[in-house]
Every structure is written in C-alpha cells, then in structure tokens.
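Okay, so here's the structure we're looking at.
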Amino acid sequence: MRRTHNFRDNIIEDRQTPRGSQRQKQIDGGSTRLASAAPEQPTRHLLWFPLLIGKRFFPQRSLRFAGKRGTSFVRLFITTSLFVLAACLTLSSSTATASTATASVENLHETLTEAMKQADALGYQGRFDLIAPAVNAHIDQKFMASKSIGRAWKKLSEAEQELWLQSFSNLTVANYAGRFKGYSGEHFVTNAEQDAPHKTKLVSTTLVLPNDDDVKLNYRLHETEAGWKIIDVYMNGTVSELSLRRSEYSSTLKRKGFDSLLTAVSEKLSKFAAGNVANDGTQITTGKADAP
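Count the sequence shown with the numbering used here and you get residues 189 to 480, in order.
This is how it looks when you write it as structure tokens:
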C-alpha cells in the first residue's frame, strides 16, 4: 500500500484501496485488513516551522516520528542557526567595543581642539571650564590619582583620599588649559586601536603641529561602568604620564608628607593660572602666554 501526503492539508490518502470500498468497510464495522496490505505505519505528523527561505515555507516532520533524514535536517538547521547567531553577536560586540574606546579619545580631542581655537577669547579660566567636563568624562581620574601615589593611597583616610582626588583632577585639567593656549592649525589624527594587556585598549594618535615636529600620543584605556576611560598617556609612544607623576608625587609624599604634596600641587595650579608654564620636553605647549 503506497501513501502520499498532501503537505498543505495534512491528508493521508490510500491510493491502493478504492475510497468506496474503504468507506464501506468502515461503515460495516469490518476490522479485517487486506491481506496484501503492508503493516500500518505510525502517522507522521507534520509541523510547520515559521521559517521563510526565499519565498517558500518548508514543513518538517516532528522529531518523534520523523525518520533519520528529517532528524538530521532539524539538527543541522538548529546548529547552523545558532552558529550564525553567535558569530553575528560576537562581531557586533567587538565592533561596538572598539569604536567606543576610540570615541572616548576623539571626544577629548574635539574639546581640546575647540579650546585651542578659542584660546584668546576664553583665557585660562575659560579654557579650564570648557575642558574640565570632557577630562572628567573620558579620563579615569580616581584610578590615576590612586596610582600616582602608589601604596600610599590605601594609607590615606577617606577625607585625605577625597582631597587628593580633587587636587589631582584640577591639576590634570589645568595641565591642558595651561598648555593648549593657542591655535595655528594644530589637529589630532587617530591612527589605530589595538588590544593591550590586562583587558585594556591602546589608541594611537598624532598631534600635528604645523610649526614643529608632530607628536605621537598613545592612550591606554580600560572599561568602566561609564564606558572606556583613559588611564595613561604615552608621549611619543614611550613617556608615560602616569609614571612621571608617580615618580614626582611619591617622592614628595615620602620625604615631606601629605600636606606638602597638596601644597606643591596648589603651587603648580597657580603657575598654570598665571601662564608661567615651562616646557621641559615632556609636555606639549601651543600658542603664546596668556595676557595678565
């Protein structure tokens, strides 16, 4: 006995036995099957998967009654779908992560460029006020403040830690406001982004100086709840700003104590405000001195 399936109506039709005699046997209550008929097979249920390939829907037998071919197809389909989904999610996550780290650096650069362009009109305090929000948003000030004095950070009281964080943050902003004080075509160029040790990112950039040699600025960032934030800056690819600060601050703290360290930072802030900034080769300075 040969059976054919109508996939749309899910109807199983016996083409060997005439419909009339088949119905008559059912009406008469006959229970005897034709001797020549093949043994009755379990009904193969058809399920419609909500999968559209091209312009056709494809039905698939249920796993319970489907043969090896149907089962293999379902397993292959599920495995392939999961693989493709995982690959897409991984690519999307990787792309988002990369662009976010670079965006943090570029957003800071945009603010610094704006400060240089408006340097004369803003003056030192105006540049400080313009730069401060961007610096605090894209630089992990607390991380750098704690690392700049090493193990001594944990020995400070909560009040002292807060005082040092405030002083360190102000000095970071003042360093930008006091040095980026003019504009003659300077601009930043982002070169590349790459993975760095300890789950950090390294974004390499260049500050193009029309009247001087270009300066390479490499930013190291780590991911926080607020996004990717800068934790160190390498001038010309080698000079670590965090290492320089730690060497200076740790020495002052060890020799003279915490109060002397705060005083030293306060004196630097006053020099930046007065435009009395010396270029020792480890920092960048643009423009001329601010008018008194």
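Glycine included, every Cβ here is placed at the ideal spot set by N, Cα and C.
Other residues of its chain near residue i: CB distance less than 8 Å, five sequence neighbours each side excluded
i	result
A384	L390 and R408
S428	D420, V421 and Y422
S439	none
Close-in-space but distant-in-sequence residues of the same chain around residue i (CB under 6 Å, 5 per side omitted)
i	result
F376	H297, T393 and L395
A461	Y312
A362	L457 and F460
G366	F460 and V465
V453	S355 and L359
D402	T394 and V396
A328	The sequence given here places Asp at residue 328; Ala does not occur at that position. Answer for D328: K417 and I419, listed in chain order.
L156	Within the shown structure, residues of the chain are numbered from 189 to 480, placing residue 156 beyond reach of any answer.
Residue i vs residue j beta-carbon contact at 9 Å
i	j	result
R315	A303	yes
A320	N295	no
L300	Y364	yes
K387	E411	yes
I337	R443	no
L449	L441	yes
F368	A307	yes
L353	K335	no
Any non-hydrogen atom of the ligand GTP within 8 Å of residue i CB
i	result
P398	With respect to small molecules bound, the structure shown includes none, and the ligand GTP cannot be examined in it.
For residue i: DSSP bridge partner residues
i	result
I159	Since the first residue of the chain shown is 189 and the last is 480, residue 159 is not available in this structure.
Q382	L390
Y407	V391 and V421
V453	Answer by DSSP bridge pairing: none, since V453 is not bridged.
F376	L395
T301	DSSP, once it has assigned bridges, lists no residue as partnering T301.
V427	M423
T412	G415
When the options are compared against residue i, the one with the closest alpha-carbon
i	options	result
S292	S458, I419 and L351	I419
S372	Q382, T426 and P398	P398
N424	S345, E346 and K404	K404
E374	V427, K305 and V421	K305
F446	D317, W341 and T426	W341
E381	D328, I327 and N406	N406
Y437	L310, A309, R339 and D317	R339
D317	D328, S357 and S345	S357
T451	E346, T426, L351 and L344	L351
A309	G370, E455, S439 and D400	G370
Residues near residue i by beta carbon distance below 7 Å, same chain, minus five either side
i	result
Q214	Confidence at Q214 is low in this model, with a pLDDT of 49, below 50, so its placement is unreliable and the value that follows should be read with caution. Taken in chain order, the list of residues that qualify is empty.
N379	S392, T393 and T394
Expected contact under 8 Å - CB spacing of residue i and residue j to nearest Å
i	j	result
W416	A333	With a Cβ gap of about 18 Å, W416 and A333 do not count as contacting.
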